[in-house]
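So for the sequence shown, our numbering puts the first residue at 43; every next one is plus one. Every residue, glycine too, gets a C-beta built ideally from N, C-alpha and C. To keep things clear, I will list the structure first and then write my remarks on it.
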Amino acid sequence: MTGRSSSSCFRRGLAACIALFAASMLTAPDALAGAWTLPEGEGQAILGLVINNADRTFDGSGTVINGGGLDRIEATGFFEYGLRDDLTLVGQTTLTSRETAPPFASDYQGFDYTELGLRQRLAQGESWVISGQGSVRLPGATDSRDPAQAGITDVETDLRLLFGRSGAVAGLPAFAELQTGYRIRFDDPPNEIRIDASLGVRPHEDWLLLGQSFATVSDGSARGVFPDSDYVKLQASVVYDVTEDWSVQVGAFATVWGRNALVERAALAAVWRRF
């Protein structure tokens with residue numbers, strides 16, 4: 043299978059997944075997800091830890107091969123704050139320790155990207171919302187020739203359209219969300235189309251079961267050492283509300299399909315604080 047035909051199959055499959063997900067939202071209460079804006083003066087912060095390992099790679103046809111390893115530990119900080127009821131300030135930063143395997147052995151400790159943006163509510167109904175979001179991503183790494191820093195040294199812009207719906211799944215409070223985005227990358231790596239989907243279900247008032255998918259498709263030709271790449275990651279996690287203001291989260295994610303991409307496996311833990 044050629045890289046072009048593999049990419050075409052991926053795009054068709056991705057479109058089918060989006061259609062199925064959109065249909066599921068028709069059956070999908072009051073829950074806060076990324077598409078919703080926060081009330082004025084309210085906010086939340088999420089501090090997380092991710093341990094990630096990749097010792098194999100998807101080649102240009104989507105076949106898993108040995109090589110291209112990367113070990114990564116990341117401490118992440120995310121926050122959002124309601125400037126107005128319809129306008130939310132969002133931000134994120136990541137402190138990372140990355141180590142690449144031979145023959146391109148290298149390591150980097152420092153900041154990854156720091157992101158700052160705004161989410162504007164565009165339309166809202168009783169159980170749904172549509173929002174737009176734009177953000178600027180500032181790199182912490184500076185040496186693009188270092189394999190451990192490759193691809194994280196240039197300014198990026200991320201533009202998104204978000205749709206959220208609240209309702210019920212099997213009689214349980216639930217929400218679903220779909221984000222479509224375009225990430226503009228200003229140096230050698232190609233621009234990216236991003237499609238993220240989330241489904242959250244509360245089997246109990248203190249517990250949230252969260253399933254998410256993250257799909258990335260390269261747009262345009264890459265330059266330098268960066269190939270066109272596509273991949274899909276699936277993530278499952280559980281969030282427990284310790285109090286009204288504090289929650290804890292544990293979960294894992296994996297790259298389930300890709301083309302010129304790492305086969306990633308990761309565990310995550312986070313603390314949520316609402317204020």
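Looking only at C-alpha atoms, which of the options sits nearest to residue i?
i, options, result
"Ala278", "Ser271, Arg225 and Phe256", "Phe256"
"Gly209", "Trp249, Gly167 and Arg179", "Gly167"
"Thr258", "Val281, Tyr224 and Trp78", "Tyr224"
"Phe228", "Ser186, Asn302 and Gly159", "Ser186"
"Pro81", "Asp128, Ser103 and Ser173", "Asp128"
"Gly193", "Arg179, Arg202 and Gly206", "Arg179"
"Val284", "Gln254, Trp299, Asp248 and Ser173", "Asp248"
"Leu160", "Leu310, Pro181 and Ser173", "Ser173"
"Val274", "Ser177, Arg236 and Gly109", "Arg236"
"Ser103", "Asp272, Tyr282 and Leu310", "Asp272"
"Glu219", "Gly206, Ile226, Ala212 and Gly109", "Gly206"
"Arg301", "Leu164, Thr136 and Gly110", "Gly110"
"Gly76", "Arg202, Ala212, Leu310 and Val211", "Arg202"
"Ile226", "Ala212, Val211, Ser177 and Ser240", "Ser177"
Please go through the same chain and pick out, in chain order, the residues whose beta-carbon is closer than 6 Å to the beta-carbon of residue i, but skip the five residues on each side of it.
i, result
"Ala312", "Ile88, Gly90 and Gln291"
"Gln134", "Phe120 and Glu157"
"Leu125", "Leu131"
"Arg53", "Unreliable positioning characterises Arg53 in this predicted model, as indicated by a pLDDT of 47, which lies under 50. The coordinate reading is nonetheless provided below. Counting only Cβ-Cβ distances below 6 Å, and skipping sequence neighbours, we find nothing."
"Tyr123", "Gly85 and Leu131"
"Asp238", "Gln221 and Phe256"
"Pro145", "none"
"Thr142", "Leu112, Ser148, Pro189 and Ala190"
"Asp230", "Arg265, Gly266 and Phe268"
"Asp154", "Thr136, Thr138, Gly182 and Ile194"
For the beta strand (DSSP E) holding residue i, just list the boundary residues, first then last.
i, result
"Val281", "Asp272 to Asp283"
"Asn302", "Unbroken run through Asn302: none, as it is neither H nor E."
"Val197", "No beta strand (DSSP E) holds Val197; DSSP gives it neither H nor E."
"Ala216", "Leu214 to Arg227"
"Ala267", "Per the sequence shown, the amino acid found at residue 267 is Val instead of Ala. Run containing Val267: none; DSSP gives neither H nor E here."
"Asp154", "Ser148 to Gln166"
"Ser173", "Trp170 to Pro181"
For residue i, which beta-bridge partners are listed by DSSP?
i, result
"Val290", "Tyr282 and Val313"
"Ser260", "Glu234"
"Asp113", "Asn95 and Glu141"
"Leu204", "Ser173 and Gln221"
"Leu80", "None; Leu80 has no bridge partner."
"Thr136", "Thr118"
"Arg126", "Leu129"
"Ala190", "None, per the DSSP bridge assignment."
"Thr297", "Lys275"
"Ser39", "Coverage of the chain is limited to positions 43 through 317, which leaves residue 39 absent and any answer about it impossible."
Closer than 7 Å by C-beta to residue i: which residues in its own chain qualify, once you throw out the five before and the five after it? Chain order, please.
i, result
"Arg315", "Gln86, Ala87, Asp287 and Trp288"
"Val305", "Ala96, Arg98, Thr99, Phe100, Val106 and Thr297"
"Leu276", "Ser255, Phe295, Ala296 and Val298"
"Asn322", "Because residue 322 is not part of the residues shown, which for the chain are 43 to 317, the question remains open."
"Ile93", "Ile115, Ala308 and Ala309"
Can you round the beta-carbon distance between residue i and residue j to whole angstroms, since I take them to be within the 8 Å contact cut?
i, j, result
"Phe217", "Gly242", "5 Å"
"Trp78", "Val197", "Incorrect: roughly 28 Å between the Cβ atoms, too far for contact."
"Asp261", "Glu234", "6 Å"
"Ala303", "Ala294", "Not a contact, Cβ separation roughly 18 Å."
"Leu204", "Gln175", "6 Å"
Who are the Cβ neighbours of residue i in its own chain at under 8 Å, not counting the five residues just before and after it?
i, result
"Pro245", "Leu214 and Leu251"
"Ser139", "Arg114, Ile115, Glu116, Asp149, Tyr150 and Gln151"
"Phe317", "Glu84, Gly85, Gln86, Ala87 and Asp287"
"Val280", "Trp249, Leu250, Leu251, Leu252, Gln291, Val292 and Gly293"
"Thr184", "Gln191 and Thr195"
Does the beta carbon of residue i come closer than 8 Å to any beta carbon on chain B?
i, result
"Thr130", "Given the protein chain composition of this structure (a single chain), no chain B is represented."
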